[in-house]
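Below: the structure, in structure tokens.
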Amino acid sequence: MSHAWNITLVWWITVVELPALAGLFWIIWSTARQSREAIDDVEKNVELALVHLRQNLDAYKLDVAKSYASIAYIKDVERRLTRHLIRIEEKLDQQRAPRVGGGA
């Protein structure tokens, strides 16, 4: 009877257990491979999105640099406006001075 038991046990291991373990190994291996591929795809997509984001940021920085006035330019405009306003004020003072002096 022990000989029959050993044959049955060996038969069970050979016919059922080994194919089941091989199937489980294959499922785990293929799942790991698919996971690595999915991670690689996500990594590529993230890198591509990061490249696009950097390009858009660079384009925005360039647009800001072109569109907005520099501090030196603003100071130059302020200086010219101030000089012009002083000239206008001097002309108004000159025109008002004869009227004030002539009427007294």
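Here the sequence shown is numbered in the working numbering, starting from 446 and rising by one per residue. In this text, a Cβ means the ideal position worked out from N, Cα and C, and glycines have one as well.
What does the alpha-carbon distance come out to for the pair residue i and residue j?
i	j	result
Gln500	Lys536	54 Å
Asp521	Ile484	56 Å
Arg471	Ala477	Just to set this straight, residue 471 is Trp in the shown sequence, not Arg. In a straight line, the C-alpha of Trp471 is about 10 Å away from that of Ala477.
Lys511	Ile473	57 Å
Val461	Ser475	21 Å
Lys506	Leu526	29 Å
Gln479	Leu469	15 Å
Val496	Tyr518	33 Å
Pro543	Ser515	43 Å
Leu498	Val509	16 Å
Using a 10 Å radius around the Cβ and a threshold of 16 neighbouring Cβ atoms, would you call residue i buried or exposed?
i	result
Ala549	Below a pLDDT of 50, predicted positions are generally treated as unreliable, and Ala549, at 49, falls in that range; no measurement from the model is reported.
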